[in-house]
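K.L.:
Before we start, here is the structure in question, set down as structure tokens.
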Amino acid sequence: MFNRQWIWKRRSSSNENVRRKDNIYEETVRRSSRTLSTISSGHKIQRIESTVKLRRIQSSGRRVFVNLPLPEFALTSKGRAKETYASNKIRTSKYTIITFVPKNLFEQFRRPANLYFLGMAIIQLLPLFGVKSPALTLLPICAVVFITALKDAIEDYQRHKVDARYNQNITHTLIGYNNTNYPETSAKSNPVASLFSCFSGHKLTKKESHDTINQESNHDVSITTDTSNTQSNHNDNLGTFHPSLAMNARVGDFILLRNGDSVPADAVLLSTSDKEGVCYVETKDLDGETNLKPRNSVAEFRHIQSGADCLNECHFYVEADAPSPDLYKFDGTLVTLEKSESTDKWVEKSKTPLDINNILLRGHVIRNTKWAIAVVLFTGTDTKIILNSGDTPSKRSQIDTEMNKEIFVAFIVLFTLCLVCAIMAGVVRARDMGNSASLLFAAQSGSPGYVGFLNFWSSLIIFQNIIPISLYVSIEFVKTFQAYFIWNDLDMWDEHSKSPCIPKTWTLSDDLGQVEYIFSDKTGTLTRNIMEFRECTIGGVRYGDNGFSPESEGARGARLRKEKQNVQTASYEEGQSSYISTGRDDDGSPPLINTDQDPLQDGDEKKANEEHNTRKQRIFEEYEQILKGLFKPTYSSLDPNRLSFADPQLFKDIKNPDITGRLEADDKETEQSNRIKEFFMLLALCHTVVIEKIGKDGKVIEEEDDVDEEEETKAQPTIIGKSLEENADHDRTQAGTSQNTEKQTIGSSLRTSGSKLLNATGLRSLKKSNRRHKPRKSRGEEFDSITEKNTPDRVDDTVEVQIEYKAESPDEAALVNAAKNAGFAFINRKGKMLTVDILGQEYTFELLDVLGFTSDRKRMSVILKRPEPWNDIILYCKGADNVITERLDHDSKQQTILDKTHKDVDTFSENGLRTLMLAYRRIDNEEYESWKKEIDEASTATEGRAEKVAQVQEKIEVNLKLLGATGIEDKLQEGVPKCIEDLRKAGIKIWVLTGDKLETAINIGYASNLLDSEMQLWTVRGNENANEIIKNLGDISEKLDKIQNEQGNDAPEDALVIEGAALAHVFGDPEGRQKLLDIAVRCKSVICCRVSPLQKAQVVELVRKSHNVVTLAIGDGANDVSMIQVANVGVGIAGQEGVQAAMAADYSICQFRFLHKLLLVQGHWSYVRISEMILNFFFKNVFWVFPSLWYQIYSSWSGNIFYDYSFLQLYNIIFTLAPIVVLGMVFNMNRESHA
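Position 902, counted from 1, in the sequence shown is what full-length UniProt numbering calls 902; the numbers after and before it change by one each time, with no gaps.
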């Protein structure tokens, strides 16, 4: 009794305080919620009228707790979290077990024919019409529905298997961490457990603890948690990262990401292997851009480098706005808490604002970063990339749509026949009623109207085969065989990935033959995202055009265009047949495309390859001999298969390895030698690349950096049961085998994961005891067992010291690598000190300033202090040719070099190479000091900081001396130019939709034959003023009209390039949409750059609906999913980094060039065969119905069945099905070579 009263008093006295504390906390929450609402509304994305089916977005923000209990208001009465989060499991399939039957029946009975046959079956079941076999009556419709459902089930089952394979990707999550965002039932909802805890003095565990919210007088939010008096035994795996399935990642989980890993969910970056907390990510799956983007970890947690640190030192919650599809914006706050020593309560420590630079998005790929630790914030359908993609649609082919119209016409004919029969039956009945003898032979009784009414429905049964019930199922059957033929086509077999073309939607094969517009992604679809340094021009002298590298795709396209133009001109002048000049056959039809010829090959290719290999070997032998005579190649590769640039003339012009320190010289040869050295020094120093030294085993060699005293005293992660060195050795021996087992099922992963557990103690005392005994080696050394990978293919045996460069963009890495192979190797970066090996001798430069590259500046500069023999300050600058030209010091001597350089740059561009111009300038010490003060002031300005910094940067980048230019090839997919050329000959228009910048998109356009030098290029750039963009489009339309009126058929071909920022305004204005369509229709090529995934879908939808044409969208990344789903036919490129495009697509191929066979042959065949089958189907049914109609005339319109009822029902289902289906499967009006 006493104890019970004490408990009651204790609860009574504390109840008011608890309510007061809850109210104060809730007021804080409401204030935070208003802030989140303001943030969300301030960055709301403008929605445009569109039928693109996007996923629903939540209207409120969220608060995620890490190593903190949930407050009272966030729990239900049963102790569960009120807010639930989406699962990280991704589903691209259409059906589930529960929804299959209703959804599939709905899809099938959307067809008017199926509804008609269902009604006919119901009518025939009525006893009035004398049909005595219900089973025979229901057989046709049931057979059609069952076969179609079976086909849909098999098709969707394949999608489920792909989803399962994707969802079983491996990530690493923290063991021993209690994610309070998913609490178990608390003790608060269990009075017996609470009473027992009061009597026994035993405190409940964290999962059962009672959470109380407190508020201090200084308004700091405090959270009190009951802790255990007796500490339980720690699990052996406490504080370890263990392999788990990506689909099991939950909001609030700690995840460990390795170099090359794809981020499984949107997450806040806490710490990385870099001491500055920088993590580089590749975003091409999201926005199509190839440049690496830096992401910054939260400053308060950059010291985190183990699982134990995550458990012991991470106590915070994150406030974030609602999930948003905007890939470039995020607003949130990370609130850190610490335990008060006096009150033993959690109190607020600091608040850190979060933006998009602190967030890793699903689809990002970790690059140039050994490991990174993050906390999951959004999962599954709440992630940005999934919000940018719609639900999997149910697509219908054009044949199906047209069939509905034909069925409607057939129904009108059927209704007319039935009406005629009903009227005639009524007339006959009226005549017979006047003759009593008719009772002996007339079957009808009743009034003429009643007899006519019954005859109408009887005629409907007799003539029902006018609308063929088995036509749809026959079409489905034939399309299934066509899908098999496509899958079995060896011309679309990719030897590298061992994969065929995989049809995932079997009902769209006929649409492949009707495609009029192709919308293609660039990165990973047209290109391979591999940059190679091909050529350069230095001082007006061109290097690299000696035939060492094979002809680039862009150069080949340019050559073929010139050859074609020359042939046409010669043919015209000689007065020969206009076949070549018009590009048409004698009958005026377009020339036939020879599809027997592979787009990659012609008759002389084998011979050309042999000649090229012989020439390449001869050039390389001379190159190697001169190089070794000039310097010892410590870092330069001598593997001809790894070199894309090898010109012996370059080293002949260098002459000697001496560095004079001056560019000017008395003779031209010495001056050219100095200019070449300055050129490659610029390439070796003007960048932001990171160095990795590769050992002979293919692993990265860790550099021993200087560590300050504070870092030296930090706890070193330790391994339970063995020393750090022993564990590291053991883990490295297992790393090679772990790669092959990672992507097996989770059971297998768990069985084989013993060697991959990252054991680290959770006790700070143990870590402290190891500080003085364990020397620090590297950050996060405990992660070595899962971050190290055996990659023997990357080893170059021809170099003494192998160096790899990791850059923000692949073209920057290609430039630095080219300088290394030329003898100017960037070998070390320590803070501001850069070390370069120049022709065998090392020099250390001091980096004073970096003027970074932006889309507005279009250039990058570095300011360096050079050692002996220079002893000066120099500015190196590289950028677009027009930008650099504006900043050159134009003297007469330099003008000659500039003219030659511009000529070479034009040649590079015609060959599809990406060009950069290089220049330099020496700076006096006084000038630099004065400029440094200005840039420091501008960098700390409170208003207009960006504009002021840009103005100061302009001051120093003037009066530059030209060195030369570079040409880099963005490697195209094999056969892309030839494939595009053939598709255009077939009358298909091709649009490129990319997230890359405008200049890059134009270069690829030239390389892939989308653009040529004779085209008139119209450019629409983004602008904040929508009216200016609409006016610009209007001006372009007027100019096109004027050119057409003046020049007629002699007018040059046009191409349109438009930026995504301009499209955003165009889509919001009906007039702008119409103007864009008017211009695009008259252009041979259209390129949309800097577009978001949603904009890609809107472009496809705009063209598809406005012109009522069949569209095809092709891409390889998650950013292409939306347009793939919106297009009539979606094609995904498999075998690249991302697999989501291939998962969501209707057809999956491995190379862009396979579109050549898929559309021009298989698509053409499918369309012709289906069309012939449908025509024959109606033909045979008309012949079947005609005798029945004739019989009605001679049977006094009695409504009797001419055929046996079983023949009537089974005529289309069994008796005449096979010939028509065979015709639809194998009919071919043309040979493949002229398809």
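Glycine included, each C-beta is placed from N, C-alpha and C at the ideal position.
With H, G and I counted as helix, E and B as strand and the rest as coil, what does DSSP make of residue 610?
P.N.:
helix
K.L.:
How big is the Cα-Cα spacing for residue 1193 and residue 1175?
P.N.:
28 Å
K.L.:
Buried or exposed for residue 125, going by 16 or more other Cβ atoms inside 10 Å?
P.N.:
By the C-beta density criterion, residue 125 is exposed, having fewer than 16 other C-beta atoms within 10 angstroms.
K.L.:
In the DSSP assignment, what residue or residues form a beta bridge with residue 829?
P.N.:
Bridge partners of residue 829: 834.
K.L.:
Taking all protein chains shown into account, decide if residue 198 is buried (16 or more other Cβ within 10 angstroms of its Cβ) or exposed.
P.N.:
Per-residue confidence for residue 198 stands at a pLDDT of 36, beneath the threshold of 50, marking its modelled position as unreliable; no derived number is given.
K.L.:
Using the three-state DSSP reduction, which class does residue 309 fall into: helix, strand or coil?
P.N.:
helix
K.L.:
Check the DSSP bridge columns for residue 1171 and list the partner residues they point to.
P.N.:
Note: residue 1171 sits in no beta bridge, so no partner.
K.L.:
Tell me which residues share the same chain as residue 620 and place their Cβ nearer than 8 Å to its Cβ, disregarding the 5 neighbours each side in the sequence.
P.N.:
548, 640, 643, 646
K.L.:
Using 8 Å as the cut-off, can you tell me whether the stretch 237-257 makes contact with the stretch 370-380, which would need three or more C-beta pairs spanning the two stretches below that distance?
P.N.:
yes
K.L.:
To the nearest angstrom, how far is it from the Cα of residue 344 to the Cα of residue 70?
P.N.:
18 Å
K.L.:
Under three-state DSSP, which class holds residue 296?
P.N.:
DSSP, read as helix, strand or coil, puts residue 296 in strand.
K.L.:
Which residue comes first and which comes last in the beta strand (DSSP E) that contains residue 1088?
P.N.:
Residue 1088 -> beta strand (DSSP E) spans 1085-1089.
K.L.:
How about residue 957 and residue 1088: do their beta carbons lie closer than 8 Å?
P.N.:
Contact: no.
K.L.:
Indicate whether the contact test is met: 3 or more Cβ pairs, each with one atom in the stretch 529-549 and one in the stretch 1004-1024, closer than 8 Å.
P.N.:
no
K.L.:
Assign residue 794 to one of three DSSP states: helix, strand, or coil.
P.N.:
Of the three classes helix, strand and coil, the one that applies to residue 794 here is helix, per DSSP.
K.L.:
Please report the distance separating the alpha-carbon of residue 1072 from that of residue 63.
P.N.:
41 Å
K.L.:
Checking 8 Å against the spacing of the C-beta atoms, do residue 960 and residue 922 come in under that value?
P.N.:
no
K.L.:
Thinking just about the alpha-carbon of each residue, which of 458, 512, 970 is nearest to the one in residue 1202?
P.N.:
458
K.L.:
Spatial neighbours of residue 9 within its chain, please: C-beta separation below 7 Å, excluding the five flanking residues on both sides.
P.N.:
Its pLDDT being 35, under 50, residue 9 is placed unreliably in this model, and the value from its coordinates should be taken loosely. Same-chain partners within the cutoff: there are none.
K.L.:
Across which residues does DSSP place residue 1236 in a beta bridge pair?
P.N.:
The structure shown has nothing for residue 1236, since the chain only spans 1 to 1235.
K.L.:
Please report how far the alpha carbon of residue 1035 lies from the alpha carbon of residue 1026, in whole angstroms.
P.N.:
14 Å
K.L.:
Could you check which residue in 1014, 468, 978 has the C-alpha nearest to that of residue 1180?
P.N.:
The shortest Cα separation from residue 1180 among 1014, 468, 978 belongs to 468.
K.L.:
Straight-line CA distance for residue 1084 to residue 1058?
P.N.:
Cα to Cα, the separation comes out at about 14 Å.
K.L.:
Can you find the residues in the same chain that come closer than 6 Å, C-beta to C-beta, to residue 378, ignoring five residues on each side of it along the sequence?
P.N.:
266, 323
K.L.:
Measure the beta-carbon distance from residue 869 to residue 654 and round it to whole angstroms, keeping in mind my assumption that it falls under 8 Å.
P.N.:
Not really, about 17 Å apart at Cβ, beyond 8 Å.
K.L.:
Tell me, to the nearest whole angstrom, how far the beta carbon of residue 354 is from that of residue 333; I am working on the premise that it is less than 8 Å.
P.N.:
6 Å
K.L.:
Between residue 1122 and residue 948, what straight-line distance do the alpha-carbon atoms span, to the nearest angstrom?
P.N.:
Roughly 40 Å between the two C-alpha positions.
K.L.:
So, with DSSP's three-state summary, where would you put residue 183?
P.N.:
coil
K.L.:
Given a cut-off of 8 Å, decide if residue 875 and residue 884 are closer than it, judged by their beta-carbon atoms.
P.N.:
no
K.L.:
Taking the straight line between their C-alpha atoms, what separation do you get for residue 980 and residue 991?
P.N.:
Approximately 11 Å, taken between the alpha carbons.
K.L.:
Cβ of residue 337 within 8 Å of Cβ of residue 68?
P.N.:
Contact: yes.
K.L.:
On the premise that residue 840 lies in contact with residue 657, defined as a C-beta separation below 8 Å, what is that separation, rounded to the nearest angstrom?
P.N.:
6 Å
K.L.:
Residue range of the alpha helix (DSSP H) that residue 1000 falls in?
P.N.:
998-1007
K.L.:
In whole angstroms, what separates the C-alpha of residue 341 from that of residue 1124?
P.N.:
Approximately 58 Å, taken between the alpha carbons.
K.L.:
Hey, residue 1170 and residue 144: beta-carbon distance below 8 Å or not?
P.N.:
no
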